[in-house]
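In what follows, a structure is listed as structure tokens, so that the remarks can point back to it.
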Amino acid sequence: MTVTETDRVANVANAVETSDRVASHLHPEGSWRVEDHPVPTGLEEIWRFTPLKRLRGLHADAPFGTGSVRTESSAPDGVSVRAVEGAEAADWRGISGFVPTDRASARVFAETAASLVVDVPAEAEPTEPVVLRLSGEGAQTAEAGHVAVRVGAHARVTVVLNHTGSAQLAQVVEFAVGDGAQVTVVTVQDWADDAVHLAQHQARVGRDASLKHVAVSFGGDLVRLNSAVSYAGPGGNAELLGLYFADAGQHLEHRLFVDHNAPHTISNVDYKGALQGRGAHTVWIGDVLIRKVAEGIETYESNRNLVLTDGCRADAVPNLEIETGDIAGAGHAATTGRFDDEQLFYLRSRGIAEDEARRLVVHGFFADIIRRIGVADVEERLLTAVEHELAVNIGLPTASAAGAGADA
Amino acid sequence: MATLDIRDLHVSVDTEDGAKEILRGVDLVVRSGETHAIMGPNGSGKSTLAYSIAGHPKYTVTSGSVTLDGEDVLAMSVDERARAGLFLAMQYPVEVPGVSVANFLRTAKTAVDGEAPKLRTWVKDVNAAMDRVQMAPEFAQRSVNEGFSGGEKKRHEIVQLELLNPKFAILDETDSGLDIDALRVVSEGVNRFTGQGDRGVLLITHYTRILRYIKPDFVHVFVAGRVAEQGGAELAERLEAEGYDRYVQAAKSATTAGA
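Chains A and B, in that order, are what the protein sequence lines are.
Throughout the first sequence, residue numbering follows our numbering, covering 949 to 1356 in sequence.
Throughout the second sequence, residue numbering follows our numbering, covering 47 to 305 in sequence.
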């Protein structure tokens, strides 16, 4: 792939600032009050990539109804998944340290009574994942939802959120990861073509805990997912992986914010996307803040886009704000490229037909992210989904696909 | 008995100053069982010949013909040429991230044969082919050529040569950048291929070193986009002693005289 932009921060000593205050438009002060968040106009830095019209009022004041998104769950023994309301729900709101940063997330809390809560006790190690299935049954009315996941100290668990069907959903998903816990979260946006999804994921990673957060977006008219991480103590590790495939007319936006607010924490952001068809638009914003206290941290963020046809647009903006001089490593890279003709030639010179050569290259492009998910069912499903996306554009005969699917 | 027949081949590439002719009338016939060495100085068009036969889109054939047993190779797509029995071992094999060697080899074998190889024997065949060029079996699970050393890439080309077993193999400076051990391993692979008796090889090289291990039946001296002289193995020995200077000077004065 052609590298169009890379940037590595090798020496950050010069970037040290002396103030404690972090004044950036990218992560404003939060507020629980809806009126503190004006309706965005689209000119704001954090909204300028998003086609507001297509949000159908989710960013503004679209009334929230109920019943258009059905939730089913399966939980392994020892893990509790339940809906709570009122005062009990209030206890679960903000468990990740989240304070609403935009009108939509403030409204989710202000205007919904219920929360879906997942409670994983300390030291639990269920072998099966917790699966939450959210299926939309119509995109006529807006709906809002709050999901809170609390993982006790030293527990090890996988949580999968599956989004399918038609919906207009404003959503806040919180994760409180206890000290020493190891959590994998996979959120799959496999919506129908007319769905609109505005989501905020917020995680607080405990001392010496690790979080692997995987965002996968294939479907929907518009998906905008903010994923933010902060740390409750030193030694936390956050791996934020993403994979998206935008077809004609789709807008898939992934915004990340890692707040290194504790020393010796690690973050690694790696998102890959493919685009095909007129009007396919992807946005990736990777913000990393390294606060003054966050000495000895390590961070790397990467976004790679593979443009398969004309008429697509991939925006990628990595930002590093560094307020300490003592870090172990920080860097970022963003590339957008077309098919590499030399790769195609090489494969074809071995007899592999052009369509199949393209399929191999795209598979290969996504494979390293998929392999790192570590949840076999999900990995298999994603490979199939990539296959399906490719079939739309390339029209691959299934026989050759089956012949080359697995490794010998 | 197969024949690769190259007649009066003219090839140009697009440059900033317009099309530039690189091959200027190449005539060459390779039959099954024959090994032809093509030797020449840098920039003489040797690699262009290799890539033009394989169908690289960068090169435009302006006139002439390439046929394989009478079939028009130039009318075929890149992958059709490979399926017709041509193979190009590249000087700089390309990295394909995320595609494992095992998957790549099996996909290529399936494409070339028109059917998937039998799973049980295939794994054995792959392991044996890798073992013969001293590649560890772990390479099967690595991405194609990614992070391979220069020598490992060339060995991987030879593994493909043996497994795909084409009618004609074009080896484009497969010897370049190899240490003596790797050169021997690679040469042995080529000799196993030709040892079948009915395979043709077009061995493109800048140096005579590889010809100590691979005995050519014919040697062609390639200068300024065409064959300047042909002979047997003894021609290579003369080139080793005398170099290409004589041919380069002759080509220069011919060009001057022509202009």
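Just so you know, even glycine gets a beta-carbon here, dropped at the ideal spot from N, CA and C.
Exposed or buried, residue i, counting other C-beta atoms within 10 Å across all chains shown (16 or more means buried)?
{"i": "A/H1111", "result": "buried"}
{"i": "B/T108", "result": "exposed"}
{"i": "A/G1126", "result": "buried"}
{"i": "B/N88", "result": "exposed"}
{"i": "B/M47", "result": "exposed"}
{"i": "A/G1026", "result": "exposed"}
{"i": "B/D218", "result": "buried"}
{"i": "B/T220", "result": "buried"}
{"i": "B/V236", "result": "buried"}
{"i": "A/V1340", "result": "exposed"}
{"i": "A/E1271", "result": "buried"}
{"i": "A/G1093", "result": "buried"}
{"i": "A/T1284", "result": "buried"}
{"i": "A/P986", "result": "exposed"}
{"i": "B/H202", "result": "buried"}
{"i": "A/P1357", "result": "Residue 1357 of chain A lies beyond the residue range present for chain A, which begins at 949 and ends at 1356; the question has no answer from this structure."}
{"i": "A/R1018", "result": "exposed"}
{"i": "B/Q206", "result": "buried"}
{"i": "B/D177", "result": "exposed"}
{"i": "B/A65", "result": "exposed"}
{"i": "A/V1095", "result": "buried"}
Find the residues of chain B that neighbour residue i, judging by a C-beta separation of less than 8 Å, and give them in chain order.
{"i": "A/F1193", "result": "Ordered by position in chain B, no residue passes the 8 Å Cβ test against A/F1193, which lies about 15 Å from the chain."}
{"i": "A/L1308", "result": "V142, V145, N149, F150, T153"}
Which chain A residues are close to residue i, counting only those with a beta carbon under 8 Å from its beta carbon?
{"i": "B/R129", "result": "G1299"}
{"i": "B/L134", "result": "S1297"}
Which chain B residues are close to residue i, counting only those with a beta carbon under 9 Å from its beta carbon?
{"i": "A/H1311", "result": "G144, V145, N149"}
{"i": "A/D1258", "result": "Near A/D1258 there are no residues of chain B at all, since even the closest Cβ is about 18 Å away, more than 9 Å."}
{"i": "A/D1316", "result": "P143, G144, S189"}
Give the residues of chain A in contact with residue i, contact being defined as C-beta atoms less than 7 Å apart.
{"i": "B/V119", "result": "None at all; the shortest Cβ gap to chain A is about 13 Å."}
{"i": "B/V124", "result": "F1293, R1296, S1297"}
{"i": "B/V158", "result": "G1299"}
{"i": "B/P87", "result": "Within chain A, no residue comes near B/P87; the closest Cβ sits about 25 Å away, beyond 7 Å."}
In chain A, which residues lie with their C-beta within 9 Å of the C-beta of residue i?
{"i": "B/V236", "result": "By Cβ distance, chain A contributes nothing, its closest Cβ being about 18 Å from B/V236, past 9 Å."}
Can you find a C-beta in chain C that's less than 9 Å from the C-beta of residue i?
{"i": "A/A1333", "result": "No chain C is present in this structure, whose protein chains are A and B."}
With a threshold of 8 Å (Cβ to nearest heavy atom), would residue i be considered close to the ligand SAH?
{"i": "B/D291", "result": "Ligands are entirely absent from the displayed structure, and the ligand SAH is therefore not among its contents."}
Contact set between the segment 171 to 185 of chain B and chain A, restricted to residues whose Cβ is under 7 Å from the partner | If the cut-off is 7 Å between Cβ atoms, the segment 171 to 185 of chain B has V172 near chain A.
Chain B contacts made by the segment 1282 to 1303 of chain A, where a contact means CB separation under 9 Å | Listed in chain order, the positions of the segment 1282 to 1303 of chain A with a beta carbon within less than 9 Å of a beta carbon of chain B are D1288, D1289, E1290, Q1291, L1292, F1293, Y1294, L1295, R1296, S1297, R1298, G1299, I1300, A1301, E1302.
Where the segment 243 to 266 of chain B meets chain A: residues whose CB sits under 7 Å from a CB there = Those would be none; no residue qualifies.
At least three beta-carbon pairs within less than 8 Å, the segment 169 to 177 of chain B to the segment 115 to 131 of chain B = When C-beta atoms of the segment 169 to 177 of chain B are compared with those of the segment 115 to 131 of chain B, fewer than three pairs fall below 8 Å, so the two segments do not count as touching.
Note down, one range per segment and in chain order, each beta strand (DSSP E) of at least 3 residues found wholly within the segment 1014 to 1094 of chain A.
-> Runs found: 1017 to 1022, 1028 to 1033, 1062 to 1068.
Cβ contact check for the segment 1238 to 1251 of chain A and the segment 1266 to 1284 of chain A: 3 or more pairs under 8 Å = Yes: the two stretches touch, three or more of their Cβ pairs being nearer than 8 Å.
Below 8 Å between beta carbons is the criterion; list the residues of the segment 199 to 220 of chain B that meet it against any residue of chain A, in chain order.
-> Listed by position along the chain: Q206, L210.
Against chain A: residues of the segment 99 to 117 of chain B by CB proximity under 8 Å = If the cut-off is 8 Å between Cβ atoms, the segment 99 to 117 of chain B has A100, G101, H102, P103 near chain A.
Would you check if there are 3 or more beta carbon pairs closer than 8 Å linking the segment 1102 to 1121 of chain A to the segment 1073 to 1085 of chain A?
-> In short, these stretches touch, since the Cβ pair count reaches three.
Mind listing which residues of the segment 47 to 74 of chain B have their C-beta closer than 9 Å to chain A's C-betas, in chain order?
-> Answer set for the segment 47 to 74 of chain B: empty.
Tell me, please, whether the segment 57 to 68 of chain B touches the segment 182 to 200 of chain B by the rule of three or more beta-carbon pairs shorter than 8 Å.
-> No: fewer than three Cβ pairs fall under 8 Å.
Are the segment 1165 to 1172 of chain A and the segment 1141 to 1152 of chain A touching by the rule of at least three beta carbon pairs closer than 8 Å?
-> Segments in contact, yes.
Cβ pair count under 8 Å reaching 3, the segment 1210 to 1218 of chain A against the segment 1179 to 1191 of chain A | Between the segment 1210 to 1218 of chain A and the segment 1179 to 1191 of chain A, the count of Cβ pairs shorter than 8 Å is three or higher; the stretches touch.
Do the segment 988 to 1002 of chain A and the segment 1189 to 1204 of chain A meet, that is, are 3 or more Cβ pairs less than 8 Å apart?
-> They touch, by the three-pair rule.
Count the C-beta pairs between the segment 1227 to 1243 of chain A and the segment 1259 to 1275 of chain A that are closer than 8 Å, then say yes if the count reaches three, no if not.
-> Here the segment 1227 to 1243 of chain A makes contact with the segment 1259 to 1275 of chain A; the two share three or more CB pairs at distances below 8 Å.
Entirely within the segment 1187 to 1232 of chain A and at least 4 residues each: give me those alpha helix (DSSP H) ranges in chain order.
-> The qualifying runs do not exist here; there are none.
Can we say the segment 67 to 87 of chain B touches the segment 231 to 249 of chain B, given the rule of at least three CB pairs closer than 8 Å?
-> With the cut-off at 8 Å, the segment 67 to 87 of chain B and the segment 231 to 249 of chain B touch.
Can at least three beta-carbon pairs, one atom from the segment 108 to 119 of chain B and one from the segment 193 to 202 of chain B, be found at a separation below 8 Å?
-> Touching, no, given that fewer than three Cβ pairs across the two stretches are closer than 8 Å.
Answer yes if the segment 279 to 295 of chain B comes into contact with the segment 94 to 105 of chain B, meaning at least three C-beta pairs across the two stretches below 8 Å, and no otherwise.
-> These segments do not touch.
Report yes or no: do the segment 137 to 154 of chain B and the segment 1292 to 1300 of chain A share at least 3 C-beta pairs separated by less than 8 Å?
-> At 8 Å Cβ cutoff, the stretches touch.
Any chance the segment 1078 to 1089 of chain A sits against the segment 1049 to 1063 of chain A, with 3 or more Cβ pairs inside 8 Å?
-> Verdict: no, contact absent.
Sequence ranges, alpha helix (DSSP H) only - wholly within the segment 181 to 216 of chain B, length at least 4 = Listed in chain order, they are 196 to 210.
Taking contact to mean at least 3 C-beta pairs separated by less than 8 Å, is the segment 1308 to 1315 of chain A in contact with the segment 134 to 148 of chain B?
-> Verdict: yes, contact present.
Runs of alpha helix (DSSP H) wholly within the segment 1271 to 1339 of chain A (minimum 4 residues, chain order) = Runs found: 1289 to 1296, 1302 to 1319.
Say whether the segment 1057 to 1066 of chain A touches the segment 1026 to 1043 of chain A, bearing in mind that this needs 3 or more beta-carbon pairs closer than 8 Å, one atom from each stretch.
-> The segment 1057 to 1066 of chain A vs the segment 1026 to 1043 of chain A: in contact.
Inter-stretch contact at 8 Å, needing at least 3 Cβ pairs: the segment 1126 to 1138 of chain A / the segment 1158 to 1166 of chain A | With the cut-off at 8 Å, the segment 1126 to 1138 of chain A and the segment 1158 to 1166 of chain A touch.
Run through the segment 82 to 127 of chain B for me and flag every whole alpha helix (DSSP H) of 4 or more residues, listed as ranges in chain order.
-> With a minimum length of 4 residues, the continuous alpha helix (DSSP H) runs that stay inside the segment 82 to 127 of chain B are 92 to 100.
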